[in-house]
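Numbering (full-length UniProt numbering), first residue to last: 1 to 221.
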Amino acid sequence: MAAPEKLVLALPKGRILDEVMPLVRAAGIEPEAAFDDPKSRQLEFATNVPGLSIIRVRAFDAATFVAFGAAHLGVVGNDVLTEFNYADLYSPLDLKIGHCRLSLAMPVEEADDDPRAHSHIRVATKYPNLTRAYFAGLGVQAECIKLNGAMELAPSLGLSKRIVDLVSTGGTLKANGLKEVSVIADVSSRLVVNRPAFKTRPAALSHWIERFREAVGGAAA
Numbered sequence: 001m002a003a004p005e006k007l008v009l010a011l012p013k014g015r016i017l018d019e020v021m022p023l024v025r026a027a028g029i030e031p032e033a034a035f036d037d038p039k040s041r042q043l044e045f046a047t048n049v050p051g052l053s054i055i056r057v058r059a060f061d062a063a064t065f066v067a068f069g070a071a072h073l074g075v076v077g078n079d080v081l082t083e084f085n086y087a088d089l090y091s092p093l094d095l096k097i098g099h100c101r102l103s104l105a106m107p108v109e110e111a112d113d114d115p116r117a118h119s120h121i122r123v124a125t126k127y128p129n130l131t132r133a134y135f136a137g138l139g140v141q142a143e144c145i146k147l148n149g150a151m152e153l154a155p156s157l158g159l160s161k162r163i164v165d166l167v168s169t170g171g172t173l174k175a176n177g178l179k180e181v182s183v184i185a186d187v188s189s190r191l192v193v194n195r196p197a198f199k200t201r202p203a204a205l206s207h208w209i210e211r212f213r214e215a216v217g218g219a220a221a
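Shown next, in the form of structure tokens:
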């Protein structure tokens, strides 16, 4: 019998990985032991499912791997889905994990500064497309400075007094003298599938969509 054609599941590193693994395991996928070894430098891991492997990558990269077909399914926040708007990503399922929000924040002492009083503002963010669209809706042109981390430093160092970033508890903002002034989007993690792969391998990918759907339902019960 021919071996099954390979499937690759892209999972994001960090906090979301801890939240998604109970669902992955509930769906019937158990990675090899090296996956749970903090000293392991592997990036791709075999699983108990023949022909299915897991890659562990940055959250933004999970979307790219799936969109371009290097992975066939993955876990991606809807913030990333909206930011990149990849045509070849199909998102059939909200996994009900990774809850946070994409918010505009400013120094506490300047939080009352209405952006609509300006024709042009500067914003530090990891999400330039979402940020520009948000401010365009207010009739304001936003110059976005792309940062991949340490966003909270931008106001204190004079880079930009406005930042757009993910917020969970708000503790990091408060510790850096910043205030959340507006919520741009509520965020949760989604199961995503490569559209061309779904057309050519509908049975295999539909199987895993349903297994994850059952896992989410079981977690909510």
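Where is the CB? At the ideal position from N, CA and C, for every residue including glycine.
Restricted to the stretch 168-220, the beta strand (DSSP E) segments that are unbroken, complete and at least 3 residues in length are 178-187 and 189-194, listed in chain order.
Rounded to whole angstroms, the gap between the alpha carbons of residue 84 and residue 48 is 32 Å. Counting along the chain, the unbroken alpha helix (DSSP H) around residue 81 starts and ends at 78-84. A Cβ-Cβ separation of about 3 Å places residue 10 in contact with residue 74 under the 8 Å criterion. Per DSSP, residue 161 has no beta bridge partner at all.
The stretch 101-108 makes no contact with the stretch 59-67; the number of CB pairs closer than 8 Å stays below 3. A contact between stretches requires three or more CB pairs, one per stretch, nearer than 8 Å, and the stretch 87-101 meets this requirement with the stretch 173-189. Residue environment: residue 200 is assigned as exposed (fewer than 16 neighbouring CB atoms within 10 Å of its CB, all protein chains considered).
Scanning the stretch 94-153 from its first residue to its last, the whole alpha helix (DSSP H) runs of 4-plus residues come out as 128-137.
Residue 56: member of the beta strand (DSSP E) spanning 52-57, first to last residue.
For residue 45, same chain residues with a beta-carbon under 8 Å away, outside a window of 5 residues either side, are 31, 32, 34, 35, 53, 54, 55 and 56 in chain order.
If you check the CB distance, residue 164 and residue 127 come in under 8 Å.
The C-beta of residue 120 has fewer than 16 other C-beta atoms within 10 Å across all chains shown, which makes the residue exposed.
In this structure residue 175 does not touch residue 69 by the C-beta definition: roughly 41 Å separates them, more than the 8 Å allowed.
Each of 66, 71 and 129 was checked against the Cα of residue 82, and the nearest Cα belongs to 129. Close CB contacts of residue 110 within its chain, under the 7 Å cut and outside five residues either way in sequence, are with 161 (chain order).
Boundaries of the beta strand (DSSP E) around residue 7: 7-12. Its chain contains 121, 123, 131, 132 and 135 as the residues whose beta carbon lies nearer than 7 Å to that of residue 142, once the 5 sequence neighbours on both sides are disregarded; these appear in chain order.
In the same chain as residue 219, and ignoring 5 residues on each side of it, the C-beta atoms closer than 8 Å to its own belong to 22, 23, 26 and 96, in chain order.
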